[in-house]
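Just so you know, the protein sequences line up as chains A and B, in that order.
Number 196 in our numbering belongs to position 196 of the first sequence; there are no gaps in the numbering.
For our numbering, add 1000 to where a residue sits in the second sequence, where the first one is 1.
Report on one structure; see the data block that follows.
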Amino acid sequence: MTDRRTLLKLTGGAGLVGLSGCLSTTDDGSDGSDGSDGGDGGDSTVAYEIGMVDSQTGSLSAFGERNQRGVDLALSMVNEVGINGRDLDIVVEDSESENQGGIAAAQKLVNQDGVPFLIGAVGSGVSLAIYESVIEGTDVVQLSQNSTGLNLTEFPGLLRMSPSGRSQSLALSNLISDDGYDEVAITYVNNDYGQSLTDAFVDAYEGEVVYNTPHDQDQQSYSSVISEMNSSGADAWLFITYQAEFATMVNEVFSSGYEAQFYGADSVSGDNVLENTPEGSIEGMKIVVPSAPVEEENYQSFADTFESEYGRQPTSWAAYAYDCVINAALAIQAADEFTGAALQDTVRRVSGPEGETVTSFEAASGILADGGGPDDVDYQGVSGPIDFDENGDPIGFLQVLEVQDHAYEGIDFIEG
Amino acid sequence: MTVLGYLANGLVFSSIIVLGSIGLSLVYSIADFANFAHGDTMTIGAYSALVTFGAVGGLGGAVLGLPYGFFLALVVGIAVAAVVAVATEKLIYEPLDVDSIGLLITSIGIAFIYRAVIQIRFGSDFTRFDVRPLRPIEALVPYGVRITLHDVAIFGSAVALVVGLHVLLQYTDLGRKMRAMADNPDLARVSGIRTKRVKLWTWVIGAGLAGAGGVFLGLFNQLAPRMGFNLLLVIFAAVILGGIGSVYGAMAGGFLIGMINQLTPFFSNVVEALPIRPNWLATVIENMITIEYANAIAFVIMVVVLLVRPNGIAGEGAT
């Protein structure tokens, strides 16, 4: 008994020492990563290894699941062709949808695996945390797959594939005004994403915001929120939250018998919402989503491949993650060497407006293989034209969806 | 919405929390550790019911808007949660020769394992029981009470389970043994009670009630791998408020916490109506008592109660 306790204490202690070892690499990590990059570059048979921080578990794991399908699909596209005869390999680490988990994952990828290119993360707060504590000051490229929070714009070094939420907020305020509502009740998820979109909305909206209250994620009941929205007297209700929370609210609105015109930001839409809300409960709801150009041919072929592989339509989140991988692969092929510094230079140029317009990795890779430089290619992604501006934000397309017969119908396109 | 409406919502939400807190308190009093896997035991119950309900379907008729098949699924959910808890006790907690802190840490690990298994099988997305959603009961709407027949079913079943437990504890041989063991395990053992067997029954009852709570939570809201874990903090608050180790305290604590949580909008209306002077104080209080802080308010009340009664509502005086 005593021995076992002593042993437990010892192992516990050893664990702590091990942990503190990990943490202490934060400051001097960037040197290590440069060293190992050089090693990789010399070998011409080993796969190019990049990193990805994803929400495999935690509150945003539904996004993680979706974009992982896009990543897998893109990876198979890339490796069918190859990059300079080599494969692309993505080491995926879990952020647990939390800042701390994201930082730990990014540290492991950047400092231990020495990846020069990091795709990550989903949540805007997590992306920023990773950038500020791991990436900033190194030459590693960070490209967020799914963050739409407004304050990422203030960090030009942090690229992202999904457009900023500011354009969504503007579009929503115009939409609600145009529909003739001069009063609106808002509830938003209590984090960076919800707060920043709501603030931008309130700034832009011409009418009166009669109710504006945050709610926490993962609560088991939001009946207080919806009953207060109902008491506010507004006929237009705006939801800036996530699918699970929104589905709970809709069910509670339905079982309480309230009526209102619903509006929503991107992350309240999803098949899981339709599947888990009563038929007719969100009829006529309007949602502004960052959209892939769904009428374009390359998106449609992406959607077909996706559907035959996974038996469902892709979400725009999967399309963003897909484009992250393709963009990374092209940046690697166009760069002289496999280092962060070289990739910083090419990552914006391979999809930038200069060069020949191409819509697939194969075509773009062909131009580069024929001696073309990064400015000779303009990769048009399945999620949009991917032209990063000086703040690292893409020019996004927005689509207005309306719920008709319990399905999403696109009714309008807006360029962000 | 009227006070009655908030009270009705509170009753329904409390029912679920009470079912969760009883099991936690029961296991604490007899197995002597705070079981962090309790929330995930609720999740297991919910998902077992989901699978069963999917397999058996409605089975014809319906009571209170719920098909017969759902009640069968509820029973299966309770049973599976109990079996999993007993298996965990037999395979892990019992062979482990550690003190209650060691068991507590182990139970956190067990919680992760339960959740991971569910996530592997069902994915991390949320889902709902395939039960037709209901509109509020028309007759009650004029009174500002907006609850559905499902809510009535949740409340009714919870009351039935709680009364059943009360009868079991007070009037059966097993109940007397359990109470004896909770009071003094050594004394119970020397007086001839087979304590191991009683402990197993405790797990069966505690986890079974948790399973039922999980099924109702799924019906009330939705199913997700984190559903039970997300509720665990509130359940712990309820148990501590009631006096940890006391079953009746857990009932009272669960009831209070659930009520406070759902009554917060009413409190904030009251505060706005009160003539508080000076004005800055009124502003501060109005900003504090909003639904944003519903859980925080519940915890503040918990702390205040504990300051007055350090062992919780039903706990014995500080000794």
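Just so it is clear, CB atoms sit at the ideal spot from N, CA and C, and this is done for glycine as well.
Does residue i get closer than 8 Å to chain B when you measure Cβ to Cβ?
i: residue 79 of chain A; result: no
i: residue 337 of chain A; result: no
i: residue 95 of chain A; result: no
i: residue 213 of chain A; result: yes
i: residue 291 of chain A; result: no
i: residue 350 of chain A; result: no
i: residue 57 of chain A; result: yes
i: residue 244 of chain A; result: yes
i: residue 269 of chain A; result: no
i: residue 321 of chain A; result: no
i: residue 196 of chain A; result: no
i: residue 356 of chain A; result: no
i: residue 25 of chain A; result: Legend: pLDDT at residue 25 of chain A = 39, less than 50; position of this residue unreliable, no value from coordinates given.
i: residue 65 of chain A; result: yes
i: residue 36 of chain A; result: Because the pLDDT at residue 36 of chain A is just 41, under 50, the model does not fix this residue reliably, and the point stays unresolved.
Starting from residue i, find everything on chain B with Cβ-Cβ shorter than 9 Å and list it in chain order.
i: residue 314 of chain A; result: Under the 9 Å cutoff, chain B gives no residues; its nearest Cβ is about 15 Å from residue 314 of chain A.
Helix, strand or coil for residue i per DSSP?
i: residue 1047 of chain B; result: helix
i: residue 290 of chain A; result: strand
i: residue 1135 of chain B; result: coil
i: residue 90 of chain A; result: strand
i: residue 332 of chain A; result: helix
i: residue 379 of chain A; result: strand
i: residue 1264 of chain B; result: helix
i: residue 1278 of chain B; result: coil
i: residue 1004 of chain B; result: helix
i: residue 1027 of chain B; result: helix
i: residue 410 of chain A; result: strand
i: residue 126 of chain A; result: helix
i: residue 269 of chain A; result: coil
i: residue 1040 of chain B; result: helix
i: residue 46 of chain A; result: coil
i: residue 360 of chain A; result: coil
i: residue 1062 of chain B; result: strand
i: residue 1077 of chain B; result: helix
Is the shortest distance between the beta-carbon of residue i and the beta-carbons of chain A less than 8 Å?
i: residue 1009 of chain B; result: yes
i: residue 1235 of chain B; result: no
i: residue 1291 of chain B; result: yes
i: residue 1230 of chain B; result: yes
i: residue 1013 of chain B; result: yes
i: residue 1170 of chain B; result: no
i: residue 1282 of chain B; result: no
i: residue 1294 of chain B; result: yes
List, in chain order, every chain A residue whose beta-carbon is nearer than 7 Å to that of residue i.
i: residue 1217 of chain B; result: 220
i: residue 1264 of chain B; result: 224
i: residue 1226 of chain B; result: 218
Against residue i, what residues of chain A qualify as contacts under a CB-to-CB distance less than 9 Å, listed in chain order?
i: residue 1156 of chain B; result: The premise fails here: residue 1156 of chain B is roughly 17 Å from chain A at the closest Cβ pair, so nothing lies under 9 Å.
i: residue 1039 of chain B; result: What residue 1039 of chain B touches in chain A: nothing, since even the nearest Cβ is about 11 Å away.
i: residue 1121 of chain B; result: Going along chain A, no residue has its Cβ under 9 Å from residue 1121 of chain B, so there is no contact; the nearest lies around 14 Å.
Below 7 Å on C-beta distance, what does residue i contact in chain B?
i: residue 146 of chain A; result: Those within 7 Å of residue 146 of chain A in chain B number zero; the least Cβ separation is about 15 Å.
i: residue 247 of chain A; result: 1126, 1222
i: residue 278 of chain A; result: 1133
i: residue 61 of chain A; result: 1124
i: residue 228 of chain A; result: 1265, 1291
For the putative contact between residue i and residue j, defined by C-beta atoms under 8 Å, what is the C-beta separation to the nearest angstrom?
i: residue 1210 of chain B; j: residue 1005 of chain B; result: Not really, about 29 Å apart at Cβ, beyond 8 Å.
i: residue 1056 of chain B; j: residue 1266 of chain B; result: Not a contact, Cβ separation roughly 41 Å.
i: residue 1041 of chain B; j: residue 1085 of chain B; result: 6 Å
i: residue 90 of chain A; j: residue 130 of chain A; result: Not quite, the Cβ-Cβ distance comes to about 16 Å (not below 8 Å), so this is no contact.
i: residue 1048 of chain B; j: residue 1076 of chain B; result: 6 Å
i: residue 377 of chain A; j: residue 343 of chain A; result: Their Cβ separation, rounded to whole angstroms, is 15 Å, which puts residue 377 of chain A and residue 343 of chain A out of contact at 8 Å.
i: residue 470 of chain A; j: residue 336 of chain A; result: Residue 470 of chain A lies beyond the stretch modelled for chain A, which goes from 1 to 416, so this question has no answer here.
Residues of chain B with a CB under 8 Å from the CB of residue i: which are they?
i: residue 257 of chain A; result: 1135, 1136, 1141, 1146
i: residue 272 of chain A; result: 1125, 1126, 1127
i: residue 254 of chain A; result: 1133, 1135
Would you say residue i lies against chain C (beta-carbon separation less than 8 Å)?
i: residue 251 of chain A; result: The chain labelled as chain C is not found among the protein chains of the depicted structure, namely A and B.
Which bits of chain A does residue i rub up against, with CB to CB less than 8 Å?
i: residue 1002 of chain B; result: Within 8 Å Cβ-Cβ: nothing; residue 1002 of chain B doesn't reach chain A, min ~10 Å.
**Study point:** Segment contact, 8 Å Cβ cut-off, at least three pairs: the segment 174 to 187 of chain A with the segment 230 to 241 of chain A
**Key:** yes
Review point. Given 8 Å as the limit, is there contact between the segment 376 to 391 of chain A and the segment 286 to 299 of chain A, that is, 3 or more CB pairs closer than that?
Key: yes
**Study point:** Touch test, the segment 301 to 317 of chain A against the segment 362 to 378 of chain A, Cβ-Cβ under 8 Å, three pairs minimum
**Key:** no
Exercise for review: Spell out a yes or no on whether the segment 1140 to 1158 of chain B and the segment 1095 to 1105 of chain B are touching, meaning 3 or more CB-CB pairs, one atom from each, closer than 8 Å.
Suggested key: no
Point to revise | Cβ pair count under 8 Å reaching 3, the segment 111 to 125 of chain A against the segment 50 to 64 of chain A | key: yes
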